[in-house]
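> Every position in the sequence shown, counted from 1, becomes a number in my numbering once 320 is added.
Glycine included, C-beta positions come from ideal geometry on N, C-alpha and C.
Since we're looking at a predicted model, the values are computed, not measured.
Handing you this structure, nothing more for now.
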Amino acid sequence: MAGDGILQPGAVALVTGASAGIGAATARALAARGARVVCASRNKARLDQLVAGLGAGAHAIELDVADSAATESLIERLPEGLRAIDILVANAGHDLGGRRRFDEGSVSDWAGIIETNVTGLIRTCHAVVPGMLARGRGHVVTLGSIAGLTTYPGGSIYNASKFAVRAFTEVLRKDYGGTDLRVTEILPGLTRTEFAASRHHGDSTKGTAYYDSFPEILEPDDIARAIVYALDQPPRVTIAQMVVVPTHES
Ligand code: NAP
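Structure, rendered in structure tokens:
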């Protein structure tokens, strides 16, 4: 069912980090609503698999948001009919090598988290927002985290990255307050994805054990629903931030 917002059949949506977890669930949810979804991440084979189930309008494109040339040229690398992006879900992110005391992590892992979660997200927005402004139409959704609201031991760099996403998104909304561009930050709590495994360089046993140590966690579809809700609002309404956490979290 179509809402009053920008998520109408035929709308073009770009989802970064679409090959897994929240991004994949979001791509499916947007495609189910008739959007033509551009699915971007580093793993093209996984994107091709995803896109095969999303209908004729969907498109897979290889994108490492840590690669500035690739991100800057993203729009011109898309088929012409998919360049006018209506919806950006800037979701790509990781905590590779994280969740450890600051001195015990490597500087290259720490820098990699900032490069993807912060600089990569900024690059992605910079590639897409000018077109939205020129067309007078667009909705940017960033994936922050509750790790951008409060800190925890071992979170030095991931917390810093998500605090940065929160500040950046808030200013983006203020910068474009006089335009029709809408900006939303979604701040999920713990969600069962590949995120915890990627923190341990892809060790899925450690990832599963981490999630299983909590009484209740969210599923990627729960976050995709929140994103769809934000996109479904009528033009006068901006969902500025949405914090989504498991009900039985202590
Ligand atoms: P996930 O299952 O590990 O998925 C992460 C996605 O990001 C993958 O599709 C990965 O694809 C992509 N990615 C990573 N680095 C990239 C890069 N340099 N360039 C392009 N794509 C890249 O994790 P997730 O939980 O869905 O995470 C999605 C977002 O939600 C992240 O921003 C994360 O910080 C945030 N979040 C997650 C949770 C949680 O509990 N899971 C909670 C709050 C916020 P490729 O490997 O194919 O590039």
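Would you check whether ligand 1 has a heavy atom nearer than 8 Å to the C-beta of A484?
Taking the first residue of the sequence shown as 1, we reach residue 484 at position 164. No, the beta carbon of A484 sits no closer than 8 Å to any heavy atom of ligand 1.
> Rounded to a whole number of angstroms, what is the C-alpha to C-alpha distance between D523 and A517?
Along the sequence shown, one-based indexing puts residue 523 at 203. Along the sequence shown, one-based indexing puts residue 517 at 197. About 5 Å.
> For the beta strand (DSSP E) containing H379, list its first residue and its last residue.
The residue given as residue 379 occupies position 59 in the sequence shown. Counting along the chain, the beta strand (DSSP E) containing H379 begins and ends at 379-382.
> What do you reckon, are the CB atoms on A345 and I543 nearer than 9 Å?
Indexing the sequence shown from 1 puts residue 345 at position 25. Indexing the sequence shown from 1 puts residue 543 at position 223. Yes, the pair counts as a contact, with Cβ atoms nearer than the cut-off.
> Could you name the residues of the same chain whose beta carbon sits closer than 6 Å to that of I466, not counting the 5 residues immediately before and after it, in chain order?
Here residue 466 refers to the residue found at position 146 when the sequence shown is read from its first residue. Excluding positions up to five away in sequence, the list reads L507, G509.
> Who does P508 pair with in a DSSP beta bridge?
Indexing the sequence shown from 1 puts residue 508 at position 188. Looking at the DSSP assignment, P508 forms a beta bridge with V564.
> Please report the residue range of the alpha helix (DSSP H) in which A345 lies.
Walking along the sequence shown from the start, residue 345 turns up at place 25. Residues 341-352.
> Which partner residues does R362 have in the DSSP bridge list?
In the sequence shown, counting from the first residue as 1, residue 362 sits at position 42. DSSP lists no partner for R362.
> Once DSSP output is grouped into helix, strand and coil, what is the label at R356?
In the sequence shown, the residue the question calls residue 356 occupies position 36. Note: R356 maps to strand in three-state DSSP.
> For L394, verify whether its CB is less than 8 Å away from any heavy atom of ligand 1.
Locating residue 394 in the sequence shown gives position 74, counting from the first residue. No, ligand 1 has no heavy atom inside 8 Å of this Cβ.
> May I ask you to check if the CB of V358 is nearer than 8 Å to at least one heavy atom of ligand 1?
Along the sequence shown, read from residue 1 onward, the residue named residue 358 stands at position 38. No; taking the cut-off as 8 Å, the Cβ of V358 has no heavy atom of ligand 1 nearer than that.
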